[in-house]
Each structure stands twice: as C-alpha cells, then as structure tokens.
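Line by line, the protein sequences give chains A and B.
When we follow this note's numbering, the leftmost residue of the first sequence carries the number 29, and every step to the right adds one.
When we follow this note's numbering, the leftmost residue of the second sequence carries the number 1148, and every step to the right adds one.
Glycine is no exception: its CB is placed at the ideal position from the N, C-alpha and C atoms.
See structure below.
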Amino acid sequence: MIELKHISKVFPTADGEFQALTDVDLTIPTGDIFGIVGMSGAGKSTLVRCINLLERPTSGQVLIDGLLDESGQAVDLCALPPAQLRQARRGISMIFQQFNLLMQRTCLDNICFPMEIAGVSKAKARERARELLETVGLPDKADAYPAQLSGGQKQRIAIARALASDPKILLCDEATSALDPTTTRAILRLIQDINRRLGITVVVITHEMAVVEEICTHVAILEHGRLVETGAVETVFSNPQTEAGRRLVYPEGVQIDRLPPAGVVRVAFNGGSSYEPLIASLAIDCGVKVNILGADTRNVNGQAFGTMLLGLPEDQTEAAKAMSYLKAQKDVTVEEVHDYHG
Amino acid sequence: MAEFFVSLDPKIAEQLQYLIDNVPFAIWETFYSTVLATLFAYLIGLPLGVLLVVGEKDGVLPLPKALMSVLNVVVNLLRSVPFLILMVVVFPLSRVLVGTSIGTKATIVPLFIAAFPFVARLVESSIREMDRGVIEAAQAMGCSPFQIITKVILPECVPSLLTGFATAFVTILSYGAMSGAIGGGGLGAMALNRGYTRHQNVVLWGAVILLVILVQIFQTIGTRLAVGMDRRLSDKGGKKRGRKAAMKKASNERRIGGSM
C-alpha cells in the first residue's frame, strides 16, 4: 500500500511561487494498477515523483507498505536519511516516457545496472538480466545498444531494468506516451502481465484515457494540483462526478455547440445497456422527442459504459415525462446538468 | 642530399641542416611537455569540471553556494590572465615544483596552471549536454551521488569528453609554443628564438609547418576516437549520417573551445 498524506508541493519560480500540488490525499492498494490522470500541467508527474522523492513534497507524508521502523510503525519516506532513502528507492522502480537508458551500455549491462548499484555479483547479475530479457521478450538483444532499438523495445529494456531490483512498486511516468498505439497496447499488456504474475503495485501516470481503460483498476483525477475524483475505473468512467472528470473522460462529449435547451440531462449507462435503443424507445413509448447533444460510449474491461447528453423539450410536461421514463430504466442513471455551456 | 644542399644558397643550406639536426629533439620536447601538462591539467580539471555541474543547487551533489562561487571565480580568474604574463608570474611556483624556473621542464607548470581551468570548463560543458533524464533514472534506482558521477555521468559523457580532450591537447600544444620566451624548448621555441629573432625564415616556417602537422594528427585521432567510441551512433542504417553529424559537431566544439 502506498499512502500519500496531505502532499503539497510549491516550486519557487521567477515570478513568485507555483503551487504544483495542494493537499493531495491518496491511498494506493497493494497489487493494484492505479491510474493518475489529468491534463498537462495538472501535477501528475510531480505527484508520482513524490512517491520516490525525486521531488520532495513541501509538506505531507509518504508511507510505503512494508517500510516500518523498529516499533512497527509506518515510516515517512520524507523523514529518512539519504542512505536509507536510497535503500528504500530500490524497492520502487520507475519507467519514463523517454526511457532514460544508459546509451553507452549494452542492453544487458543496462539491466545489470540496478544490481551493480546494490552490490550483486557480476555473474549473478548477468544471469538474472538474461532471465529478465526473456521476460520482456527480447532475449536476442543482450549485446545491442539502446540506439539500435525501436521505442517499444527500449521501453521493454527499461521495464526489465526496473524489475532487476525486485521492486514492490513500479511507477510509470507517461511510459507509453512516446509510442504508437499498437506498441502502447503491447507494453500495457506486458505491464499488466507483470502486475498479475509478480504482484507488483503499478502506478500509471498518463493523459491518455485509453491507457487507464486498458489496464487500470482504480483511477484518480488531478486538476490544478488537486485530487478531484478517485475510485474504481468503472465507476469514475461511467459516471464522472466532477467537471474535470467529465472533460477528461468525454473530451468530445460536451463540445456540441448548438441548442442550449431548457433542460439538459446526462444519461449514464452502467454496463450492458448502452447498445439498447433507449432514445428510440423513448420516442415511441412516450412520444417525446429529445435532442442528443453528445454521446460517448466506451468498452471498459469488457463491459459497455457510456454517457449521453440529452436536450429535453421546452414543454415542461413533456420534459417531466421523458425524465420519469429515463429514470425507470435499469442500469441507467439520469442527472440534470446545470453547468452545461454548449 | 649533400649535392642538393651544395647547389642551394649556403645560408638556406645551413638552416635546413639546422632543422634536420634539431627537429627530432624539438618535437620530443614539444610532445612531452604537452602530454605532461595535459595530464596534470586533467588530474585537477576533470574533478573540478564535474564539481562545477554536480555542485549546483539542483545538481546531484549540491555544494555550499559560497564554495561554488569561489570555484567559479578561481576558474575565471586564471582563464583571464594572459599566458605570457602567467608564465612569468609562476616562476616562484615552478622553482618549488620542478626545481627551476627556466627550460622545458619549467614551462610545464604555467601550462598546467593555464590549462586546468580551461579543461574544467570543457568538462563542464560536456556534462551539461547530458540528458538529465538518465540521472533522474539513476537517482530513482537508489544510486549515491558518487555512483551517479562514476557510473552514469562520466561513462555517458565519454565521447564528448574525448572531443574535449583533443581540443585541450591541441590548445596546450599551441600555448607551449610560447614557452620559448622563458627558455623552454620545442618547436615553438625553435621558430621564435632561431627563426624569428635571427631572421632564419626557413627555420621559422619549417617549425610552424611541423606544428600544424602535429595539431592535425592529434585532432584527427581525438575526433576519430570520440566518434568511434560513441554507442549512440552504432546502428547500421544511420551510421554514415551519424558519423558525419558527430564529426561536424566535434569540429564545431573545437572552434568554440579554441582558446584557453
């Protein structure tokens, strides 16, 4: 378990202070694949760097599962002296958007690096590195240099390197953002596979919702350095509770610029029902014509989810009729939208 | 050969004979004073250059701000003293270190003092070019600052450091040519003392041409080595283009780093 308690981070800049994170509280369960999403500049990268203290939080605590003091109390990572912090970091691996491999070392030597740092014997490290090359599916690249590899291959080597120290946690900072969709999918499969087989807790930082849908079980949404929404991916994605969440999950859904009608409702399909002809039934059964302002359905972990923005007729009785019809449907939630700006 | 000399103007023949008799030793003097001065300059300049980068506030090994200012001032100060003046100023130090203040051995001291701040700046700029992401990755793995310097920064910068080394060597060689002024030996002294002061143009230009050839040889070796060692250019498809680009980059750096 990773617990972030009241994490704030302030950067001093030329024109005053910049508050990158404000009072972030987050608990990441052991063995989870946890997504942290947000727009560029929301503070995602800063937040993930606070987990291994590449960025030291201005205030707050970072508690890592299994890191206890003599009396069995959880230890705040921020309170550790440098040598112990380095020791703790060996249990928290990280992979990056730009891979950050050592360009002057072969792939095998790159994977050996964390073991070299930890004082593992060379023979043992090489043996383990070859196993890891096997794990990431590049057994023939041992003697290649990173410059000879494609982006996806580089990230596989980086993952092998990250696993070399037998970590409990794997932090992925936009790990697939520099890769094409097919390669992204393959790398995500690999990460998921590692999570399932080794039980490593994975934290995924991304601005791509597709990545979260693909592998995450839980998700947290950051906006302007604040945590605005968190929960199971199904819950958050099927029915985001905040404006920030909706913008991220359905970036296209609220961009229709016609018709600011009298009443706008959001209809959320909570699995299974998104392909039923709801709007057609509404028109036939109640004789009410509604306007579809925007719609987005997604396939999350094998279940269908989606939302639809409906513009109700101006006539009050017709609108009420439509509302009650919609509310009567199972697997559908309806809520009125007051902040719809077209 | 002898007949050829006889057919020449006796003055020119004499100068040519002088060149033939003295050039091997002059080359040796130039070579060994340059090698020793470069070696000592790197002994101090390499760690100093590393400190100038890692000791910064957001560096790998932040050092007290006052210390960093002192280091920077010392480097700038030594770099701003003209070499001719420096040679004279360090006489007492030369006497302490090598037992004499004149001759080829004595020129190594001012050469070293002029060169180590220059080397420090060359090393500094090599390291600054490095991708910070790799250092961040090493920190995330739990590397100590010392491990980051020795296992990440220096090995990753080897090609760039080698290019800088060639620049330093060539620059120190050409500065060494001034050592004739304090009784040092070598090709520069030959050109100055014999060629220039005694109006022996054959000796003057002979020595200068040899210096030019020496510089060409060492610069080419250095650049070849730097490019050959660089594992970022080792893929088959991009080899040719990569090499050309690196050569061009190396020669640009040479131009920038042209003077101490």
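Report task. Would you kindly work out how many angstroms separate the C-alpha atoms of residue 35/A and residue 109/A, rounded to a whole number? Result -> 19 Å
Query - Inter-residue spacing [alpha-carbon to alpha-carbon] between residue 1326/B and residue 1340/B - result: 10 Å
Requested in this report: Can you tell me the Cβ-Cβ gap for residue 139/A and residue 157/A, rounded? I've got them flagged as a contact below 8 Å.
Outcome: 4 Å
Query raised in the report: Taking Cβ positions only, does residue 1382/B come closer than 8 Å to chain A?
Result: Note that residue 1382/B has pLDDT 47, beneath the 50 cutoff, so the model's placement of it is unreliable and no number is given.
**Report entry** Within the segment 217-252 of chain A, ranges of the beta strand (DSSP E) (whole runs, at least 3 residues)
**Finding:** 229-234 and 246-251
Query raised in the report: So with Cβ pairs under 8 Å, would you call residue 184/A a contact of chain B?
Result: no
Query raised in the report: Whose C-alpha, out of 1160/B, 1253/B, 1379/B and 1223/B, is nearest the C-alpha of residue 1097/B?
Result: Nothing about residue 1097/B can be reported from this structure: the residues present for chain B run from 1148 to 1407 only.
**Report entry** According to DSSP, residues forming a beta bridge with residue 140/A
**Finding:** In the DSSP output, where bridge partners are listed per residue, residue 140/A has none listed.
Query raised in the report: Is residue 276/A closer than 8 Å to residue 249/A when the C-beta atoms are compared?
Result: yes
Query raised in the report: Thinking C-beta only, is residue 363/A closer than 8 Å to residue 316/A?
Result: no
Query raised in the report: So, helix, strand or coil for residue 80/A, using DSSP?
Result: coil
Query raised in the report: Is residue 353/A helix, strand or coil by DSSP?
Result: helix
Query - Coil, strand or helix - residue 200/A by DSSP - result: strand
Query raised in the report: For the putative contact between residue 1357/B and residue 1320/B, defined by C-beta atoms under 8 Å, what is the C-beta separation to the nearest angstrom?
Result: Incorrect: roughly 11 Å between the Cβ atoms, too far for contact.
Query - Extent of the continuous alpha helix (DSSP H) run through residue 181/A - result: 179-191
Requested in this report: Go ahead and label residue 1232/B buried or exposed: buried means 16 or more other beta carbons lie within 10 angstroms of its beta carbon, across all protein chains shown.
Outcome: exposed
Query raised in the report: Under the rule that 16 or more other beta-carbon atoms within 10 Å means buried, what is residue 147/A, buried or exposed?
Result: exposed
Query raised in the report: Contact between the segment 1180-1194 of chain B and the segment 1243-1262 of chain B: three or more CB pairs below 8 Å?
Result: yes
Query raised in the report: Which partner residues does residue 1275/B have in the DSSP bridge list?
Result: Answer is none; residue 1275/B lacks a bridge partner.
Requested in this report: For residue 145/A, decide whether its Cβ has a neighbour in chain B, counting only Cβ atoms nearer than 8 Å.
Outcome: yes
Query raised in the report: Where does the unbroken beta strand (DSSP E) through residue 122/A begin, and where does it stop?
Result: 120-124
Query raised in the report: Is there contact between the segment 110-127 of chain A and the segment 183-196 of chain A, where contact requires at least three CB pairs shorter than 8 Å?
Result: yes
Query raised in the report: So which residues of chain A does residue 1275/B contact, with C-beta pairs closer than 8 Å?
Result: Those do not exist, as residue 1275/B stays about 16 Å from chain A at its closest Cβ, beyond 8 Å.
Query raised in the report: Tell me which same chain residues have a C-beta within less than 8 Å of the C-beta of residue 113/A, skipping the five on either side of it?
Result: 81 and 105
Report task. For residue 1158/B, count neighbouring Cβ atoms within 10 angstroms of its own Cβ and tell me buried if that reaches 16, exposed if not. Result -> exposed
Query raised in the report: Which stretch, first to last residue, makes up the alpha helix (DSSP H) that contains residue 1368/B?
Result: 1348-1376
**Report entry** Complete beta strand (DSSP E) runs within the segment 1157-1214 of chain B (minimum length 3 residues, chain order)
**Finding:** none
Query - Residue(s) in a DSSP beta bridge with residue 41/A - result: 44/A
Query - Contact under 8 Å by Cβ, residue 295/A with residue 336/A - result: yes
Query - CB contact check: residue 1342/B to chain A, cutoff 8 Å - result: no
Query raised in the report: Beta-carbon of residue 1203/B versus every beta-carbon of chain A: anything under 8 Å?
Result: no
Requested in this report: Say whether chain A places a C-beta atom closer than 8 Å to the C-beta of residue 1211/B.
Outcome: no
Query - Three-state class that DSSP yields for residue 1154/B in the structure shown - result: helix
**Report entry** Spatial distance of residue 64/A from residue 227/A (CA atoms)
**Finding:** 19 Å
Query raised in the report: residue 33/A by DSSP, collapsed to three states: which one?
Result: strand
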